[in-house]
Amino acid sequence: YDWVSSDGVIRGRRFIGADPATPFPSLLQYHRPLEAGDVVRYEFFHEGTTIHVDPAIGRLAFLFRPEGVEVHWMTLGGDRETAGIDPRNRLIESECRRASVEPLLKNADWNQVEIAILDGAVRLSLNGTVVYERALEHDLQPAFGLFHDKGESEARVRNVVLSGDWPEQLSSEQLANLFQSQEKAPTPAVLAVRSAVLGELPMAKNLDAVLGRARRLPPADRYLQLRAWVLPSVTHGAVRLNGQLTPTDPPPAAGTKLGPFRGHTGGTIEAPALLLVDTAREVGKLDELRTLAAAPKPGNLTENRAQVAFLALIELAAGQIDEAQKRLAELVTLLDRLDLSSGEEIRWAELVAAARGIENPATRSAARKILELMVAQQQKQGVAWDWERRLRHVYDRGEYLAIVGDDAPPFGTQPPQGQWSPVMHPVAESRGRGTPVPHWLIEKGQARRLCGHRDDYLYFASPLRGNFEVTCNLTSFGWREIQLGYAGVWFGIVYDLKRFELGTFG
Numbered sequence: 033y034d035w036v037s038s039d040g041v042i043r044g045r046r047f048i049g050a051d052p053a054t055p056f057p058s059l060l061q062y063h064r065p066l067e068a069g070d071v072v073r074y075e076f077f078h079e080g081t082t083i084h085v086d087p088a089i090g091r092l093a094f095l096f097r098p099e100g101v102e103v104h105w106m107t108l109g110g111d112r113e114t115a116g117i118d119p120r121n122r123l124i125e126s127e128c129r130r131a132s133v134e135p136l137l138k139n140a141d142w143n144q145v146e147i148a149i150l151d152g153a154v155r156l157s158l159n160g161t162v163v164y165e166r167a168l169e170h171d172l173q174p175a176f177g178l179f180h181d182k183g184e185s186e187a188r189v190r191n192v193v194l195s196g197d198w199p200e201q202l203s204s205e206q207l208a209n210l211f212q213s214q215e216k217a218p219t220p221a222v223l224a225v226r227s228a229v230l231g232e233l234p235m236a237k238n239l240d241a242v243l244g245r246a247r248r249l250p251p252a253d254r255y256l257q258l259r260a261w262v263l264p265s266v267t268h269g270a271v272r273l274n275g276q277l278t279p280t281d282p283p284p285a286a287g288t289k290l291g292p293f294r295g296h297t298g299g300t301i302e303a304p305a306l307l308l309v310d311t312a313r314e315v316g317k318l319d320e321l322r323t324l325a326a327a328p329k330p331g332n333l334t335e336n337r338a339q340v341a342f343l344a345l346i347e348l349a350a351g352q353i354d355e356a357q358k359r360l361a362e363l364v365t366l367l368d369r370l371d372l373s374s375g376e377e378i379r380w381a382e383l384v385a386a387a388r389g390i391e392n393p394a395t396r397s398a399a400r401k402i403l404e405l406m407v408a409q410q411q412k413q414g415v416a417w418d419w420e421r422r423l424r425h426v427y428d429r430g431e432y433l434a435i436v437g438d439d440a441p442p443f444g445t446q447p448p449q450g451q452w453s454p455v456m457h458p459v460a461e462s463r464g465r466g467t468p469v470p471h472w473l474i475e476k477g478q479a480r481r482l483c484g485h486r487d488d489y490l491y492f493a494s495p496l497r498g499n500f501e502v503t504c505n506l507t508s509f510g511w512r513e514i515q516l517g518y519a520g521v522w523f524g525i526v527y528d529l530k531r532f533e534l535g536t537f538g
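All residue numbers for the sequence shown refer to the working numbering, where the first residue is 33 and numbers rise by one.
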């Protein structure tokens, strides 16, 4: 555990034996966002550097240090952090300090903290004295939290109280219906506030629910519901193009009759925007959808990219190839201006447009140029491993179609040569995430893997015995490393071409 509550005290554990050079941040956060007029009061125990905890608002921690409060931005950690921020970052905002902390902080004793949320600002008090005041960023989620580095200190907190400008009492009708939702639909202003507080990331992670509800509706109703969710409104300024991968090789439904050969399924992109375009074509609303999508004037690069990508999807569905080619070419120009530290939630525009574009021979070249730029950007500053798998699958599928043409077997089909057997080693997690299946191109004297699942193998069907020699050329650079294996032992060249690696499977 990281945090536990007992005998009225919240405790955050200390990680004994932690590497001093490695940060171990730990955050306990209250789910309800703070509003103007809310005040949080609590007591924390402080003893040297071994017992201490600091308050936080969202991902911003306020560190009580002797000279005064310092601010720390909590990073996401691992491959989720794309901004290149030092996980031990600290910033001194002298203009926000109101008093020194050292004379106020009681050692080996309990200290009182008060956090007051004003109109767009926060005020911190320590043992009755205001020590810090600063404005809060408009996009900072105002959730109260307790922060400490568990590699350095233990945390102890008690008597946490949240107060605010709330009704003094509830009516008998309200008490009888505590879980009753609002009778009136939320106003545009309320929807805008919700969007500002929550941001777009929760929406990007709720696609299963959005797609599930839409698919249960008749086409005409499905079109209206998806149109309201995807197109810009008071809740979001950009067309929502976020997508996900369908599960790889899902189990067949009960009672399904299987044929003599079952190929790989799943691992393909799905998105509400794609379903909206398909539904609009089904109900004859593509022209209407195009007019609505082209009407808003983009306010920033993200909105511009999303609008162009969505119009390209509509034009592809309508068979307007010349217009779609121009949109895809424009996306390359816009994508080249993207801040490489941007998260994956705003990178889907080009991916969904290119995924549809490579399926049409007339737009395949333009779509592949988008994918080439996306891969180049990923190599300069990676986003996340899951994102790279999605990107490389679409990229390699485009390359596959360019090599073999439109009449080729489905991606992931078993190679026709009987001497070679492709094998992938999926696990429940990789299948559930929709990690795409690999595809092997086997020609005379050459085997080439496109994309990949997890650990992918190509086995030679005939066992080799006695004395023998295998001679081959291996790719070993540019994320294309491949190893040669025999009898549970593998051998590969390191990317610097100066060393080799030798290991065993398992």
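Positions of the beta carbon are idealized from the N, C-alpha and C atoms, including for glycine.
- The beta strand (DSSP E) runs of length 3 or more contained entirely in the segment 50-102 are, from start to end of the chain, 57-65, 71-78, 86-89 and 92-97.
- Put simply, of Arg424, Gln357, Val384 and Asn209 the residue whose alpha carbon is nearest the alpha carbon of Ala394 is Gln357.
- By alpha-carbon distance to Val459, the top candidate from Glu475, Ile435 and Asp488 is Asp488.
- Assignment of alpha helix (DSSP H) within the segment 321-403, counting only whole runs of 4 or more residues, yields 333-350, 353-367 and 380-389 in chain order.
- The segment 198-205 and the segment 80-87 do not touch, with fewer than three beta-carbon pairs separated by less than 8 Å.
- In the structure shown, Asp310 falls within a helical segment according to DSSP collapsed to helix, strand and coil.
- For the 8 Å CB-CB criterion, Gly498 and Thr280 do not form a contact.
- In terms of Cα proximity to Trp522, the closest of Asp528, Lys530, Leu506 and Arg43 is Leu506.
- When the beta-carbon positions are compared, Ala236 and Glu382 stay at least 8 Å from each other.
- When the five nearest sequence neighbours on each side are left out, the beta carbons in the same chain lying within less than 6 Å of the beta carbon of Arg272 are those of Val262, in order along the chain.
- Non-local C-beta neighbours of Gln144 in its own chain, meaning closer than 6 Å and more than five positions away in sequence, comprise Glu75 and Asn159, ordered along the chain.
- Where Pro234 is concerned, the enclosing alpha helix (DSSP H) starts and stops at Leu233 to Ala236.
- If you draw a straight line from the Cα of Val154 to the Cα of Leu230, it comes to about 19 Å.
- Residue state for Asp141 is assigned as strand, using DSSP reduced to three classes.
- DSSP, reduced to helix, strand and coil, places Ser453 within a strand of the structure shown.
- Annotation: Ala187 to Trp142 spans about 12 Å, alpha carbon to alpha carbon.
- Assignment of Leu202 by DSSP, reduced to helix, strand and coil, places it in the coil class.
- In the structure shown, the three-state DSSP call for His170 is coil.
- Within the same chain, and ignoring the five residues on either side of Ala50 in sequence, the residues whose Cβ sits closer than 7 Å to its Cβ are Phe56 and Gly183.
- Taking Ala252 as the centre and dropping the five residues before and after it, the same chain places the C-beta of Val315 closer than 7 Å to its C-beta, in chain order.
- The beta carbon of Arg130 sits closer than 7 Å to the beta carbons of Val162, Val163, Tyr164 and Glu165 from its chain, once the five residues preceding and following it are set aside; these are given in chain order.
- Secondary structure note for Glu186: it is in no alpha helix (DSSP H), with a DSSP letter that is neither H nor E.
- For Ser494, there is no enclosing alpha helix (DSSP H), since its DSSP letter is neither H nor E.
- Secondary-structure assignment with DSSP links Trp105 through a beta bridge to Leu92.
- Pairing Leu308 with Gln409, the inter-Cα distance amounts to about 29 Å.
- One Cα belongs to Leu66, the other to Asp439, and the distance between them is close to 58 Å.
- Ranked by Cα distance from Ala416, the first of Glu232, Gly375 and Glu99 is Gly375.
- Judged by pairs of C-beta atoms under 8 Å, the segment 242-258 does not touch the segment 424-438, as fewer than three such pairs exist.
- For Val262, DSSP records no beta bridge to any residue.
- Around the C-beta of Val469, 16 or more other C-beta atoms lie within 10 Å, and the residue is accordingly described as buried.
- In the structure shown, the three-state DSSP call for Ser132 is coil.
- Burial is judged here by how many other beta carbons sit within 10 angstroms of a residue's own beta carbon; Tyr255 has at least 16 and is buried.
- In this structure, the alpha-carbon of Leu194 lies about 26 Å from that of Ala224.
- In the three-state scheme derived from DSSP, where H, G and I count as helix and E and B as strand, Ser508 is classed as coil.
- Under DSSP, Thr267 shares a beta bridge with no residue.
- Rounded to whole angstroms, the Cβ separation of Ala349 and Leu318 is 6 Å, and the two are in contact under 8 Å.
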